[in-house]
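A.B. asks:
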Amino acid sequence: MNETENDPILAALNPPQREAVTFGDGPLLILAGAGSGKTRVLAHRIAYLVERRNVPPSSIISLTFTNKAAGEMKERVAGLLGGSLHGAWLGTFHSIALRILRTHGELTKWGASFSVYDSDDQKRLAKDVAASLSLDTKKYKPASLLAGVSRAKDDGRGFSDFEVPGVSASPHAKVFYSFYKLYTLRLQNARALDFGDLLLETLRLFEERPEIARRYAEKFRHVLIDEYQDTNRVQYLLAGHLSSVWGNICAVGDDDQSIYGWRGADLRNILDFEKDFPGTKIIKLEQNYRSTAAILEAAASVISHNVGRHKKTLWTSRKGGVPVVCHTASTEEEEAQWIVEKIISLLKEGQKLKDIAILYRTHALSRPVEEALMDRELRYVVYGGLRFYERREIKDAMACLRLVAQPYDPVALKRVINEPPRGIGDKTVAAIFSESEARELDLFATMRLMVEEGVLPPRASRAVAGFIELVEGWRIAHAEGERLGDLLSRILRESGLRGALERAKEDEKEAERLENLEELLNAADVHAAEGGTVLSFLDRAALISDQESGKPGWDGMTLMTIHSAKGLEFPCVFIAGMEEEVFPHALSSSSKEEVEEERRLCYVAMTRAKDRLFLTRARVRRVFGAEGLFRPPSRFLFELPEKICPRDYPTARPCPEKRGFTVPPRIPPKSEAAPQKEYAPEAKTNGRSLSVDPENCDYKKGMKVRHPKYGDGVVTATDGRGPTARVSVDFRRGEKKKFVAGLSGLEILIDD
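In terms of the numbering used here, the sequence shown is residues 3 to 754.
Now the structure itself:
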């Protein structure tokens, strides 16, 4: 009998896992593919070191990224050893750094009794710093500046690294330097550290007091790091210090799942591990215990197109499996409907709601899916985020709309009267509400009287008068019959809600909020097309927001962004929005490195699925406010093997533009088009149509054109030439639209 068969530490391991667990001394890189049991290997290696090699627990340090992962590691190791692991340092990078700084506080400028600012504390301090600098917070958002500071600290750079000569410095560079400097001084005056400081100051302690660094390097004979592909520069340098004496560093990770470059993770750390730690032993964990062979082959085919990676070939003992399904819908609403119908079919087959996840690149894509699920009364929870109609920017926009339909709504007025800031402070708002109650008048009537009577300070009076004029303009437009979508677009523009986000769209969160507003406009257009009104649109949003929210473990399905899905698994997974500029995202396609990270994100999404995987896209989707644009299939779809994932779309071709692929040079034939009621052109037409190559299109003023959604029209203006030109069209139905020529889907009509 093999001696390992009865060994609780080694018995349940496959050969590569066992090799990794029992490896001796020296640097070890464990490349753990998705679903290959990396957490098990790390826990079993710690147990093996203690139980079989008699390594004292106090000589072991294991670093993770989340408290949950650290807690799970402790539980697993304790279970293997039959008790808790006394003396070992198992925790997150931040908790270990905090422990070191507390121990050696007398050697730092803060002492041992410093405070640690959490995320909320940091945001409050950032706002105070911005106010002290008298920054235009519409242009320089404190949250964006704070994110820049965190990224700088992750890279090991203090504020002095951003000081540049006054002549050559850009306005933004000057603002960032001033903000970072004052933010740092305020932290020092408060004897406080933020999360980034915990790591950066530990590194500084090690570098300025090498005897301290050596003390810890001698103490820890074995350094183990989980999710090594997610380490930033400071974490990488700390790992080097901790392992500098014994050289026993064990890094576990998967470069194919490195998806946090935008927040400081450096893929080079894992790709260059062998160079950084000579003599490294590499062990690949390639047996997947999660997904079917069909899903693994599809995911492997996509990730194989990345150049910057360690080659791995995942396999499973689960033979065959249902083919991956690729589905193309005409619109995002039809995509959502198809997903819901497929979910109902899965439920009839015996699947449970909790077995199903719907993933998407950004939160903005959840709106049509949420509405379709609500229509069929299917329970769901948005994991790691708010439901669409509960998001701040959506609630702000809907509050403005409520003031049009329901002018006496005090909650809506209080929410947006000074959002974005327009010079109406809390004291003025309180005075308006108090006066309204005293006079027994509605709020707008009260505001008018207060302005007319001059009871407000001049500046506040002007601001209140401007707000009244603003809302009254919206009401007049509504009374004159302005379409819901156009009215909402006017509100977003004139209220300043859109402009505030556009000015800060370099910040990822602000860019996503802008996408959410564009998706709200799309929802308004769809609702209006179905005969809905402003009031019914508000009612629908309220009903969706009021639907019961799920809690962990409840019997409902999960909706989440792909970033939130990392580390999770579900029997059935839907990935929506598989289109160029959606996935890969338009803001993450400007370089090879960015596209490769998007491809890794796609790989992560696909490998969340255990049994069934569905990839969906829409031919027409409104993205960044563009009207009725044809969306090319995501380049990742063309990287799938057709035998595993049969395609229902034509073959695309590479192009030199940054998008990488273009729409096939034709409009889909009737057999591929959306249902007749959605896209039917006018009943009577004269002449024939001519399909246009998107790369060589050249529309001219006066041309007769046809659009699959809006029907026939005439080009009224053009700006530019070729695929990036802007084309304005007046349609017979009275609609006026603007398109990007290469993505417009416009056909030229030729008279017979």
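Just so you know, even glycine gets a beta-carbon here, dropped at the ideal spot from N, CA and C.
Taking the beta strand (DSSP E) that LEU570 falls in, what are its first and last residues?
C.D. replies: It is not in any beta strand (DSSP E) - LEU570 carries neither H nor E in the DSSP assignment.
A.B. asks: Three-state secondary structure (DSSP) at LYS703?
C.D. replies: LYS703: coil per DSSP, three-state reduction.
A.B. asks: Can you tell me whether LEU31 is helix, strand or coil according to DSSP?
C.D. replies: Here LEU31 sits in strand by DSSP.
A.B. asks: Would the beta-carbon of VAL1 fall within 8 Å of that of ILE63?
C.D. replies: Coverage of the chain is limited to positions 3 through 754, which leaves residue 1 absent and any answer about it impossible.
A.B. asks: Are ALA611 and SER293 close, meaning C-beta to C-beta below 8 Å?
C.D. replies: In this structure, SER293 lies closer than 8 Å to ALA611 by Cβ.
A.B. asks: Which of helix, strand or coil does DSSP assign to ASP9?
C.D. replies: DSSP places ASP9 in coil when its eight states are reduced to three.
A.B. asks: Go through the region 460-506 residue by residue and report every complete run of the alpha helix (DSSP H) that reaches 4 residues or more, in order.
C.D. replies: The qualifying runs are 460-481, 486-497 and 499-504.
A.B. asks: Assuming THR522 and ALA338 make a contact with CB atoms under 8 Å, what is their CB distance in whole Å?
C.D. replies: Here residue 522 is Leu; the residue named in the question, Thr, does not match the sequence. About 15 Å; that fails the 8 Å criterion.
A.B. asks: Mind checking who ALA620 pairs with in its DSSP beta bridge?
C.D. replies: Answer by DSSP bridge pairing, in chain order: ALA331.
A.B. asks: Could you name the residues that DSSP lists as bridge partners for GLU583?
C.D. replies: Answer is HIS587.
A.B. asks: In chain order, what are the residue ranges of uninterrupted beta strand (DSSP E) at least 3 long that sit wholly in the region 240-324?
C.D. replies: Entirely contained in the region 240-324, the beta strand (DSSP E) runs reaching 3 residues are, in chain order, 251-255 and 283-287.
A.B. asks: Which runs of the alpha helix (DSSP H), 4 residues or longer, sit entirely within the region 93-179?
C.D. replies: With a minimum length of 4 residues, the continuous alpha helix (DSSP H) runs that stay inside the region 93-179 are 95-105, 121-134 and 144-156.
A.B. asks: Hey, would you say the C-beta of ILE750 is under 7 Å away from at least one heavy atom of the ligand NAP?
C.D. replies: Of the ligands one can find in the structure shown there are none, so the ligand NAP has no counterpart to examine.
A.B. asks: Given a cut-off of 8 Å on the beta-carbon distance, is the pair ARG645 and VAL606 in contact?
C.D. replies: It is Lys, not Arg, that sits at residue 645 in the sequence shown. Contact flag unset, no.
A.B. asks: Please name the residue in ARG637, GLY427, TRP248 and GLU74 whose C-alpha comes closest to that of PHE469.
C.D. replies: When each option's Cα is compared against that of PHE469, the closest is GLY427.
A.B. asks: Between the C-alpha atoms of ARG393 and GLU737, what's the straight-line distance to the nearest angstrom?
C.D. replies: Straight-line Cα distance between these residues: approximately 30 Å.
A.B. asks: Is the beta carbon of GLU641 closer than 8 Å to that of HIS307?
C.D. replies: Cβ atoms of HIS307 and GLU641: closer than 8 Å.
A.B. asks: Within its chain, find whatever has a CB closer than 6 Å to the CB of ALA14; leave out the 5 residues flanking it on each side and keep chain order.
C.D. replies: Counting only Cβ-Cβ distances below 6 Å, and skipping sequence neighbours, we find nothing.
A.B. asks: Quick one: Cα of SER86 to Cα of VAL79, how far?
C.D. replies: Going from the Cα of SER86 to the Cα of VAL79 covers about 8 Å.
A.B. asks: Any contact between the region 148-164 and the region 262-276? By contact I mean 3 or more CB pairs, one from each, below 8 Å.
C.D. replies: These segments touch.
A.B. asks: How about VAL584 and LEU615: are their beta carbons less than 8 Å apart?
C.D. replies: For VAL584 and LEU615, no; Cβs fall outside 8 Å.
A.B. asks: Alpha carbon to alpha carbon, what distance is there between LEU240 and GLU203?
C.D. replies: Using only the alpha carbons, I get a separation of about 11 Å.
A.B. asks: Within its chain, find whatever has a CB closer than 8 Å to the CB of VAL453; leave out the 5 residues flanking it on each side and keep chain order.
C.D. replies: Only SER463, VAL466, ALA467 and ILE470 meet the Cβ criterion.
A.B. asks: Taking all protein chains shown into account, do 16 or more other C-beta atoms lie within 10 angstroms of the C-beta of LEU82, making it buried, or fewer, making it exposed?
C.D. replies: So LEU82 ends up on the buried side.
A.B. asks: Which first and last residues belong to the beta strand (DSSP E) in which VAL57 is found?
C.D. replies: It is not in any beta strand (DSSP E) - VAL57 carries neither H nor E in the DSSP assignment.
A.B. asks: On the CB-based measure, 16 or more other CB atoms within 10 Å of its CB, does ASN8 come out buried or exposed?
C.D. replies: ASN8 is exposed by the Cβ-count criterion.
A.B. asks: Name, in chain order, the residues that DSSP records as bridge partners for ASP232.
C.D. replies: DSSP output for ASP232 lists no bridge partner at all.
A.B. asks: To the nearest angstrom, report how far apart PHE161 and LEU147 are at their CA atoms.
C.D. replies: One C-alpha to the other measures close to 12 Å.
A.B. asks: Check whether the region 222-238 and the region 54-74 touch, using three or more Cβ-Cβ pairs below 8 Å as the test.
C.D. replies: Because the criterion of three Cβ pairs below 8 Å is met, the region 222-238 and the region 54-74 touch.
A.B. asks: Would you mind stating whether GLN124 and ASP196 have Cβ atoms separated by less than 8 Å?
C.D. replies: For GLN124 and ASP196, yes; Cβs fall inside 8 Å.
A.B. asks: Report yes or no: do three or more beta-carbon pairs, one from the region 274-281 and one from the region 237-256, lie closer than 8 Å?
C.D. replies: They touch, by the three-pair rule.
A.B. asks: Using a Cβ cut-off of 8 Å (strictly closer), state whether ARG619 contacts chain C.
C.D. replies: Included in the structure is just one protein chain, with no chain C present.
A.B. asks: Report yes or no: do three or more beta-carbon pairs, one from the region 338-351 and one from the region 367-378, lie closer than 8 Å?
C.D. replies: Yes, they touch.
A.B. asks: Give the secondary structure of GLU749 by DSSP, where H, G and I count as helix, E and B as strand, and everything else as coil.
C.D. replies: Strand at GLU749.
A.B. asks: Just to confirm before moving on: does the CB-CB distance between ILE757 and GLU21 stay below 8 Å?
C.D. replies: Here the chain comprises residues numbered 3 to 754, so residue 757 is not present and cannot be evaluated.
A.B. asks: Could you give the C-beta distance for ALA295 and THR318, rounded to a whole number, given that I count them as a contact under 8 Å?
C.D. replies: Their Cβ separation, rounded to whole angstroms, is 6 Å, which keeps ALA295 and THR318 in contact under 8 Å.
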